[in-house]
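>
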Ligand SMILES: C[S@@+](CC[C@H](N)C(=O)[O-])C[C@H]1O[C@@H](n2cnc3c(N)ncnc32)[C@H](O)[C@@H]1O
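Numbering (my numbering), first residue to last: 4 to 229.
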């Protein structure tokens, strides 16, 4: 699949298309960022990043890439957004699944309980039910309970200390990691993850690296390997 590019547009137009427009289209509440000063006191707060929503087209591009590379195996994988905030990524992922006729378990987890409430409300607005959102610290969650094949999505949620702890768990499961704004991508190879795709645009929100810790499926041979 050739790398897709967002056509050149002003930063304001891009921000509108990639964040505000989603809420306008679906009546959700995902766009407004939240600084950590607005978070409750949590044990790993010093290691975490503030809330900000992923860009819509970045989520969709990763979905298309994995759908084409995993083919009929896609529904065998569960999807988890680690640090899901207000739930935009699981919602966009489910919309993409529905549009492609794919049934997949889709989960979001975040250590800020009020984000989980908002994520459920957002999911209810779009799909009429709460979805599967879990209030938990990323280092406490037992990822193997999601099944024996995982697509883990990270939008720069935390520093290398937490990422290292999370990867210690993920490495035990056949896992694909989608890492948007991949600040600590150098942590992944040490845990047995191989870079299988990368792309970047003019904005930092358009940089994504995708890693896998298991043998590439046959159809994945067509994935760009940069
Ligand atoms: C940049 S936001 C990403 C939000 C969402 N994934 C998206 O792309 O729209 C990072 C999120 O990670 C969460 N987070 C940070 N550290 C965490 C941890 N240790 N456990 C669970 N969630 C965490 C924050 O609360 C925040 O909502």
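Ideal Cβ placement from N, Cα and C applies to all residues, glycine included.
(1) Any idea which residues DSSP pairs residue 1 with across the strands?
(2) Check residue 45 in the structure and name its three-state DSSP category.
(3) If you draw a straight line from the C-alpha of residue 215 to the C-alpha of residue 46, how long is it?
(4) Would you check if the stretch 136 to 153 and the stretch 32 to 39 touch, i.e. whether three or more CB-CB distances between them fall below 8 Å?
(5) For residue 57, is the beta carbon positioned less than 7 Å from some heavy atom of ligand 1?
(6) Rank 84, 167, 71, 154 by C-alpha distance to the C-alpha of residue 50 and give the top, closest one.
(7) Cα-Cα, which of 117, 201, 127, 212 is closest to residue 41?
(8) Kindly indicate which three-state DSSP category residue 89 falls into: helix, strand or coil?
(9) Taking the C-alpha atoms as reference points, what is the distance between residue 22 and residue 158?
(10) According to DSSP, is residue 105 part of a helix, a strand, or is it coil?
(11) Tell me whether residue 1 is buried or exposed, calling it buried when 16 or more other Cβ atoms sit within 10 Å of its Cβ.
(12) Assuming contact is defined by CB atoms lying nearer than 8 Å, are residue 57 and residue 91 in contact in what I supplied?
(13) How many angstroms separate the CA atom of residue 104 from the CA atom of residue 186?
(14) Starting from residue 207, trace the alpha helix (DSSP H) in both directions and tell me its first and last residue.
(15) Would the beta-carbon of residue 93 fall within 8 Å of that of residue 115?
(16) So for residue 226, helix, strand or coil by DSSP?
(17) Taking contact to mean at least 3 C-beta pairs separated by less than 8 Å, is the stretch 168 to 175 in contact with the stretch 193 to 202?
(18) Which value, in whole angstroms, describes the spacing of the CA atoms of residue 80 and residue 13?
(19) Who are the Cβ neighbours of residue 231 in its own chain at under 7 Å, not counting the five residues just before and after it?
(20) DSSP on residue 70, reduced to helix/strand/coil?
(21) The beta strand (DSSP E) that contains residue 211, what's its start and end?
(22) Would you check whether ligand 1 has a heavy atom nearer than 7 Å to the C-beta of residue 35?
(23) Quick one: is the Cβ of residue 142 within less than 7 Å of any heavy atom of ligand 1?
Concretely, from the data shown:
(1) What the structure shows of the chain is the stretch from 4 to 229, and residue 1 is not part of that stretch, so it cannot be assessed.
(2) coil
(3) 29 Å
(4) These segments do not touch.
(5) yes
(6) The shortest C-alpha separation from residue 50 is found at 167.
(7) 117
(8) If DSSP states are grouped into helix, strand and coil, residue 89 belongs with coil.
(9) 14 Å
(10) Coil at residue 105, not helix or strand.
(11) The requested residue 1 does not occur in the structure, where the chain is confined to residues 4 to 229.
(12) yes
(13) 33 Å
(14) Counting along the chain, residue 207 falls outside any alpha helix (DSSP H), and DSSP gives it neither H nor E.
(15) no
(16) The predicted position of residue 226 is uncertain, since its pLDDT is 42 and thus under 50; a value taken from the coordinates is nonetheless stated next. Here DSSP, grouped into helix, strand and coil, assigns residue 226 to coil.
(17) yes
(18) 37 Å
(19) Shown here, the chain extends from 4 to 229; a query on residue 231 therefore has no answer.
(20) helix
(21) 211 to 215
(22) no
(23) yes
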